[in-house]
Amino acid sequence: MTRVGRRIAELSILLGPVTLFLAVFFLGPLIIMMIYSWLAPGLYGGVEWQFYPHNFGRILGFADPAFEEFDPVYLSIFFRSLKIALITTFCTLLVCYPAAFQIARLPDRWKAFCLFLITLPFFTSLIVRLFIWVLILRPTGIINGLFLWTGLIGKPIELIYTDGAIIIGMVYIFIPFMFMPIYASVEKLDWSLVRASQDLGANGFNTFLRIILPLTMPGIIGGMIIVFIPALGNFIVPAVLGGAKVLMMGNLIEQQFLYARNWPFGAALAMLVMTAVLVLLWFYVRYEMRRGGDAAVTR
Amino acid sequence: MPESIVRLEGARKAFPLPEGGVVTALGGIDLEVEKNEFLTLLGPSGCGKTTLLHAISGFVELDSGRIHVDGQDVTDWPPHKRPVNTVFQNYALFPHMSVAENVGYALSIAGTGRQERTKRVDSALAMVGLKGLGNRLPRQLSGGQQQRVALARAIIARPKLLLLDEPLSALDKNLRAAMRIELKNLQHELGISFVFVTHDQEEALTMSNRVAVLNGGVVQQIDTSDKIYNKPVNTFVASFIGASNLFEGRLEHSAAGAKVVTAEGDAIHCAATRKTEPVTALIRPEQFSLATANPAREASLDVEIDQVVFVGSVFELYCHSASGRKIIATVPASEAAAVNTASQKKKARLGYDPAAVHLITTKDAEP
Numbered sequence: 004m005t006r007v008g009r010r011i012a013e014l015s016i017l018l019g020p021v022t023l024f025l026a027v028f029f030l031g032p033l034i035i036m037m038i039y040s041w042l043a044p045g046l047y048g049g050v051e052w053q054f055y056p057h058n059f060g061r062i063l064g065f066a067d068p069a070f071e072e073f074d075p076v077y078l079s080i081f082f083r084s085l086k087i088a089l090i091t092t093f094c095t096l097l098v099c100y101p102a103a104f105q106i107a108r109l110p111d112r113w114k115a116f117c118l119f120l121i122t123l124p125f126f127t128s129l130i131v132r133l134f135i136w137v138l139i140l141r142p143t144g145i146i147n148g149l150f151l152w153t154g155l156i157g158k159p160i161e162l163i164y165t166d167g168a169i170i171i172g173m174v175y176i177f178i179p180f181m182f183m184p185i186y187a188s189v190e191k192l193d194w195s196l197v198r199a200s201q202d203l204g205a206n207g208f209n210t211f212l213r214i215i216l217p218l219t220m221p222g223i224i225g226g227m228i229i230v231f232i233p234a235l236g237n238f239i240v241p242a243v244l245g246g247a248k249v250l251m252m253g254n255l256i257e258q259q260f261l262y263a264r265n266w267p268f269g270a271a272l273a274m275l276v277m278t279a280v281l282v283l284l285w286f287y288v289r290y291e292m293r294r295g296g297d298a299a300v301t302r
Numbered sequence: 627m628p629e630s631i632v633r634l635e636g637a638r639k640a641f642p643l644p645e646g647g648v649v650t651a652l653g654g655i656d657l658e659v660e661k662n663e664f665l666t667l668l669g670p671s672g673c674g675k676t677t678l679l680h681a682i683s684g685f686v687e688l689d690s691g692r693i694h695v696d697g698q699d700v701t702d703w704p705p706h707k708r709p710v711n712t713v714f715q716n717y718a719l720f721p722h723m724s725v726a727e728n729v730g731y732a733l734s735i736a737g738t739g740r741q742e743r744t745k746r747v748d749s750a751l752a753m754v755g756l757k758g759l760g761n762r763l764p765r766q767l768s769g770g771q772q773q774r775v776a777l778a779r780a781i782i783a784r785p786k787l788l789l790l791d792e793p794l795s796a797l798d799k800n801l802r803a804a805m806r807i808e809l810k811n812l813q814h815e816l817g818i819s820f821v822f823v824t825h826d827q828e829e830a831l832t833m834s835n836r837v838a839v840l841n842g843g844v845v846q847q848i849d850t851s852d853k854i855y856n857k858p859v860n861t862f863v864a865s866f867i868g869a870s871n872l873f874e875g876r877l878e879h880s881a882a883g884a885k886v887v888t889a890e891g892d893a894i895h896c897a898a899t900r901k902t903e904p905v906t907a908l909i910r911p912e913q914f915s916l917a918t919a920n921p922a923r924e925a926s927l928d929v930e931i932d933q934v935v936f937v938g939s940v941f942e943l944y945c946h947s948a949s950g951r952k953i954i955a956t957v958p959a960s961e962a963a964a965v966n967t968a969s970q971k972k973k974a975r976l977g978y979d980p981a982a983v984h985l986i987t988t989k990d991a992e993p
């Protein structure tokens, strides 16, 4: 066998299984979803095999009024999801960025311990952790209990089943996802560059803006993407902490598939979320290419 | 008296050790750097030379003592306010900026206009021989070129003083030798003082106006290169710089002249007038010779030869005296015949000029 031939055989053995697995169990269903989103809903669930653009029409406002009515509620749920996901992303960033610097400067032993603490939640059930927040936030929960007891408030304030509750829960579960990429880039930061900047006359603010921020930007952007994408489609947190009052895209899609049994409409909603994510990723790839491209252009 | 650009008074700094206790990095240093001077801080690792440099640039806060730069007390100034710039050991070039942006960083921070900045960046790059490479990224340059970028970046703001932290240690040998000369020329051209940190004595001796030899956080000797080499004030300096034969003993006077007699019984003739107590006589290896040119004036030492090593320009003779004291002598390559005879006999009579024997009377400085 030639060397190239052997290399191909090697690669197909190494990459074959995972390619096959993803093709059958990820790409396949995804294509089915794409097709379903353009089909008509069946009377008792399932699909009718006919072209039917009104699933998207219902969301975006060009529905055939005879069958499906345009309802701005879907778009408003989409934008609320977008808003909550963005707020979650920025809040986790705000929490994780300074923390990464503090932890990166600790002695090795403490560093390892702090990283362990941050990954600790992964070892506990997500549902259990979210229900703890229910105990904290509900009208008879810890916060309200404390405020009532101290007399700061006369009656329980509404904490749970609000956007705020969802954001608290999301920030809580996504902190480790934001922290890891940021920490990786902060840990890599060469502090002699910071000294060089100060030596050349830059104060702390300028040094941060011109040296520290650009050099840790890959971690910031990586963390934002890793948090934003699952936050946008998340349905567990709104289900537990938003109750029936605050819906996000994830819950809406879940409802369409499981309760309304309108698969095509659920698929169309899912495609909308995916498009939003892909647009975001496209900007990211362009950013990465420009960064890598700098070197190529001037070579 | 020459004007001084930097003056340190009683600079002290101790660092706590992780396992408890402290290590004294600076044990009370008084030092002046003159205008247009190339001063080298030389010493073994851990002698405090880098701490001293960082104290001047502001990255190390002194426990006590004052630092004046250009007549101003800068002891409590943060690094970015001090009129000094540094060439860092690993260059510390900003990887996300082009060469021109790196070099122009200080100007852009200071708010210098774009036109003026471009002009000065170009001239700084030309000065270090990197004309036309402004658009490259640091990682696209060789080690030597990166070194020059770091240099250009540090001189562009025309600091009162340039600090260089072992800047040549990462370069290969030939490049290092070339950069030494360039640095020296650059310093002359710019007319600013350089404080250069190194553990390489050859570097120190060839480039500097004055060398400050540090050990244990204190200045052992600060003097010109040849004084440091030929007239070291203590045994640390004598043994740290170059190879040396040290004979510590008591000075004895007799009709034949003065000599230093060691505890083991070796006697080294010297020209001493004072009746000093314990002294150490220093004879550099090249002060010995095999051929006794002037028997009347020269003294000699009988030794047994252990090993002869030819290193090109000289023969190195590793010997021991009758008392067993190890002695090293170097003999020019031109005296190959004499070396051969001596190495066959395993014995030699090493001649030296008693007048050239340097006597060390002071102890090593301690904090």
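Residue numbers (this note's numbering), protein chains in the order written: chain A, 4 to 302; chain B, 627 to 993. For every residue, glycine included, the Cβ atom is placed at its ideal position computed from N, Cα and C.
In the DSSP assignment, find the unbroken beta strand (DSSP E) run with residue i in it and report its ends.
i, result
"G253 of chain A", "Careful: G253 of chain A lies outside any beta strand (DSSP E), inside the alpha helix (DSSP H) at 252-261."
"E930 of chain B", "925-936"
"Y731 of chain B", "Per DSSP, Y731 of chain B belongs to no beta strand (DSSP E); it is in the alpha helix (DSSP H), 731-736."
"L788 of chain B", "787-791"
"G636 of chain B", "630-642"
"H694 of chain B", "690-695"
"Y944 of chain B", "940-947"
Which same chain residues, not among the five before or five after residue i, have their C-beta less than 6 Å away from its C-beta?
i, result
"C117 of chain A", "I106"
"G144 of chain A", "L138"
"T581 of chain B", "This structure cannot speak to residue 581 of chain B, because chain B is shown only from 627 to 993."
"L759 of chain B", "V725"
"A88 of chain A", "F231, A234, L235"
"A830 of chain B", "T666, L668, T824, V837"
"L42 of chain A", "V50, Y55, P267"
Shortest alpha-carbon distance to residue i belongs to which of the options?
i, options, result
"S870 of chain B", "B:L777, B:G672, B:L789, B:K952", "B:K952"
"L976 of chain B", "B:R765, B:A948, B:K989", "B:A948"
"F914 of chain B", "B:L943, B:V905, B:R784", "B:L943"
"R213 of chain A", "B:S795, B:G730, B:P709", "B:G730"
"G938 of chain B", "B:A962, B:V863, B:I954", "B:A962"
"N716 of chain B", "B:P793, B:A882, B:F866, B:E992", "B:P793"
"Y232 of chain A", "A:T5, A:F177, A:L272, A:L192", "One detail in the question is off: residue 232 of chain A reads as Ile in this sequence, not Tyr. Selected option, being the one with the closest Cα: A:F177."
"G817 of chain B", "B:T824, B:L809, B:V823", "B:L809"
"P159 of chain A", "A:T165, A:D166, A:G167, A:F150", "A:F150"
"M753 of chain B", "B:L908, B:V775, B:R762, B:G737", "B:V775"
"V929 of chain B", "B:V823, B:V935, B:F941, B:L916", "B:L916"
"G868 of chain B", "B:R876, B:P858, B:K786", "B:P858"
"D696 of chain B", "B:Q771, B:K853, B:V710", "B:V710"
"K786 of chain B", "B:A925, B:I682, B:P993", "B:I682"
"L767 of chain B", "B:R692, B:A804, B:P721, B:A736", "B:P721"
"R762 of chain B", "B:A881, B:P911, B:V935, B:M723", "B:M723"
Kindly list the residues whose CB is nearer than 8 Å to the CB of residue i, restricted to its own chain and excluding five residues on each side of it in sequence; keep chain order.
i, result
"L657 of chain B", "V632, R633, L634, A637, L678, A838, V845, I848"
"K757 of chain B", "D748, L751"
"I215 of chain A", "L192, V197"
"L733 of chain B", "E742, R743, R746, V747, I782, A783"
"A298 of chain A", "With a pLDDT of 43 at A298 of chain A, under the threshold of 50, the modelled position of this residue cannot be trusted; read the value that follows with caution. Result list for A298 of chain A: empty, nothing under 8 Å."
"T210 of chain A", "V197, S200, Q201"
Ordered along the chain, which non-local residues of its own chain (more than five positions away) have a Cβ less than 7 Å from that of residue i?
i, result
"F104 of chain A", "V189"
"G674 of chain B", "A651, L652, L840, G843"
"R141 of chain A", "I163"
"P764 of chain B", "L719, P721, V725, N728, Q772, V775"
For the alpha helix (DSSP H) containing residue i, name the first residue and the last one.
i, result
"G856 of chain B", "Here the sequence assigns Asn to residue 856 of chain B, which means Gly is not the residue at that position. That run of the alpha helix (DSSP H) goes 851-856."
"T987 of chain B", "Run containing T987 of chain B: none; DSSP gives neither H nor E here."
"P1019 of chain B", "Absent from the structure is residue 1019 of chain B, since the part of chain B shown begins at 627 and ends at 993."
"S870 of chain B", "From DSSP, S870 of chain B is part of no alpha helix (DSSP H); its letter is neither H nor E."
"P44 of chain A", "Here P44 of chain A belongs to no alpha helix (DSSP H); instead the beta strand (DSSP E) covers 42-44."
Assuming the contact rule is C-beta atoms closer than 8 Å, residue i and residue j should be a hit. Round their C-beta distance to whole Å, please.
i, j, result
"L46 of chain A", "I62 of chain A", "Not really, about 21 Å apart at Cβ, beyond 8 Å."
"L751 of chain B", "C896 of chain B", "L751 of chain B to C896 of chain B, Cβ: 55 Å. No contact."
"Q773 of chain B", "L668 of chain B", "That belief does not hold up - the Cβ atoms of Q773 of chain B and L668 of chain B are roughly 20 Å apart, past 8 Å."
"A102 of chain A", "F182 of chain A", "7 Å"
"I90 of chain A", "I146 of chain A", "Not quite, the Cβ-Cβ distance comes to about 20 Å (not below 8 Å), so this is no contact."
"S195 of chain A", "A718 of chain B", "4 Å"
"L255 of chain A", "L272 of chain A", "6 Å"
"S834 of chain B", "S851 of chain B", "6 Å"
"L244 of chain A", "G172 of chain A", "4 Å"
Should residue i be counted as a contact of the ligand NAD given a C-beta to heavy atom distance under 7 Å?
i, result
"P721 of chain B", "The ligand NAD is not part of the structure shown, which contains no ligands of any sort."
* Asked: Which residue spans inside the stretch 168-249 of chain A form an unbroken alpha helix (DSSP H) run of at least 4?
  -> 194-202, 207-210, 216-236, 239-244
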